[in-house]
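**Q** The structure under discussion is supplied below as structure tokens; questions concerning it will follow.
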Amino acid sequence: MQSFHHLLANNFVANLTNFTVWFALTFWTFLETGSVFATGMIAGIYLGLTALLGVWFGSLVDHRGKRNMMLASSLASLFLYALVLTAYVLLPDIRTASVSSATFWLFILLSMLAVICGNIRMIALPTLVTLLIAEDRRDKANGLVGMVGGVGFLVTSAISGFLVAWGGMIATLVFAIAFTLAAAVHLLFVRIDEPRSAAGDHEAARRVDLAGTFRVILGIPGLLALILFATFNNFLGGVYMALMDAYGLSLMKVEQWGLLWAVLSCAFILSGALISRTGLGANPIRTLLFVCLIEWAVAAIFTIQSSIPLLAIGCFVWMFLGPYAEAAEQTALQKVVPFERQGRVFGFAQSIEQAASPLTAFLIAPITQFFFVPMMTEGIGADAIGDWYGRGPERGIAIVFSIAGVLGMLATIAAFRSKSYGRISDAYFAGATGGLDAPAKQPA
């Protein structure tokens, strides 16, 4: 457990650093450009790269050693942060933040690639839960992971707005370099006894092995349907990531918005603490679907009026339930998927699930900017429902949340009634092939 706690602390520092850069970059871009399109593209770049690289990252985690890949993740981020800081100082096109500048977008891309390197850790950590924690305690360990993530989100939300207000991107990137270096040095002193790779694994490490991973997923009844449902559910995540900052900053100043996120992020900590004490119930799949249903319902109503209290309540509920959904899916995968394949399956799930979010972010941001905002400002929407829903650009953003929430509720109800729900639940109760409790004999 001592090694696990060290890994949690190390991941806290790394995630704090990477997400501070992401948040600060989004805040800075919106304040400099005033463009919903630009902030949506940042979210789309993050989620698109996540979808593209997830399976490859999973293969690296399975074959190159989980601790070693976490260290490589920090070193790659460190190099990229140093590179973009140098570019920011030397190139005025970046500092002027012109949306039409190719140099500006290259700066955005490299900054987000540095953040994306941290996703290797997000794949490695749940596989290390399987390695280090007994099966009957993994749901609580996953809750602890969520709680630590919530603490990181709390601190990230508090400092990112203040970093931008105080020192812009220079302060943000100096902060990132210092803390990424600290995480890398600490990880050098963490020791984990990992199973040795089979002789054929060195050759296997050179390929992604998507086909083999897909066969494992198809061999577990209902697992593909679970991943596809999570994929659809991530449409909500795409809407939040593409539009939430623009919506929040339309109602308050950047320092206030960052502070609000910091306070609301206590929901992550509270839910993670509850999971670590009480677990997820007998059937984590059922827990996942109930959580998703509530999340979609909240999304449908929390922007119904231009209200900071409503915004705060909606975000609190969303963040409180998020760790439940993530821990439920991870607990199910840790039990039913063979350990030597878990990195690739987690990476595959990350890629497929996140494929919905870049589509949402890339489509919703311009559609909101050029269709819903005009519609709710002076168009047919303002004429039809403007008297009670409100008029103006932020009402155009708000109605997108409402529409997404209604569609998500309908999809979740359909998932509850599906045969796949019963199949994956049965596989979970059967224990299937997963984890270290019943290791598979086929080569990885």
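All residue numbers for the sequence shown refer to our numbering, where the first residue is 253 and numbers rise by one.
Just so you know, even glycine gets a beta-carbon here, dropped at the ideal spot from N, CA and C.
Would you decide whether L323 is buried or exposed? Buried here means 16 or more other CB atoms lie within 10 Å of its CB.
**A** buried
**Q** Where do the ends of the alpha helix (DSSP H) carrying A354 lie?
**A** 354 to 368
**Q** Excluding sequence positions up to five away, which residues of its chain have a Cβ less than 7 angstroms from the Cβ of T612?
**A** F487, G490, V491, A494
**Q** Does DSSP put P561 in a helix, a strand or coil?
**A** It is helical.
**Q** Alpha carbon to alpha carbon, how far is V367 from A682? Give it in angstroms, no decimals.
**A** 38 angstroms
**Q** Which runs of the alpha helix (DSSP H) fall wholly inside the segment 589 to 626 and span at least 4 residues, in chain order?
**A** 594 to 619
**Q** Give every residue of the same chain whose Cβ lies closer than 7 angstroms to the Cβ of T408, excluding the five residues on either side of it in the sequence, and list them in chain order.
**A** L268, F271, T272, F275, listed in sequence order.
**Q** Who are the near neighbours of I346 in its chain, counting only those whose CB is closer than 7 angstroms to its CB and skipping five residues on each side?
**A** Non-local beta-carbon contacts of I346 in its own chain, meaning distances under 7 angstroms to residues more than five positions away in sequence, involve A339, Y340, T355, F356, F359 in chain order.
**Q** Hey, would you say I444 sits closer than 9 angstroms to L396, going by beta carbons?
**A** With contacts defined as CB atoms closer than 9 angstroms, I444 and L396 fail to qualify as a contacting pair.
**Q** Tell me whether I649 is buried or exposed, calling it buried when 16 or more other Cβ atoms sit within 10 Å of its Cβ.
**A** buried
**Q** Pairs of beta-carbons, one from the segment 523 to 543 and one from the segment 635 to 654, closer than 8 angstroms: are there three or more?
**A** no
**Q** Check whether the segment 670 to 677 and the segment 466 to 485 are in contact - that is, three or more C-beta pairs closer than 8 angstroms.
**A** yes
**Q** What's the call for R593, buried or exposed, on a 16-neighbour Cβ count within 10 Å?
**A** buried
**Q** Using a Cβ-Cβ cut-off of 9 angstroms, state whether F359 counts as contacting chain B.
**A** Within the model displayed, chain B is absent; a lone protein chain is all it includes.
**Q** Secondary structure at N263, three-state DSSP: helix, strand or coil?
**A** Secondary structure of N263 (DSSP, three-state): helix.
**Q** Can you tell me which of S412, R319, G464, Q621 puts its alpha carbon nearest to the alpha carbon of V381?
**A** R319
**Q** Please name the residue, chosen from W418, R316, F520, T432, that lies closest to N263 on a Cα-to-Cα basis.
**A** Of W418, R316, F520, T432, the residue nearest in Cα terms is T432.
**Q** Can you list, in chain order, the residues of its chain with a C-beta nearer than 8 angstroms to that of I546? Leave out the 5 residues immediately preceding and following it.
**A** Answer for I546: V569, L573, listed in chain order.
**Q** Which residues mark the beginning and the end of the alpha helix (DSSP H) in which K318 is found?
**A** 318 to 342
**Q** Helix, strand or coil: which one does DSSP assign to V437?
**A** helix
**Q** Taking the alpha helix (DSSP H) that F705 falls in, what are its first and last residues?
**A** Past the boundaries of the shown model lies residue 705; the chain is included only from 253 to 696, so the question cannot be answered.
**Q** If V265 and A434 are in contact, beta carbons under 8 angstroms, what's the gap, nearest whole angstrom?
**A** At roughly 6 angstroms, the Cβ-Cβ gap stays under 8 angstroms, so V265 and A434 are in contact.
**Q** Could you check the C-alpha separation between V468 and P378 for me, to the nearest Å?
**A** 18 angstroms
**Q** Helix, strand or coil for M374 per DSSP?
**A** helix
**Q** Taking the Cβ atom as the reference point for each residue, do G413 and W509 lie within a distance shorter than 9 angstroms?
**A** yes
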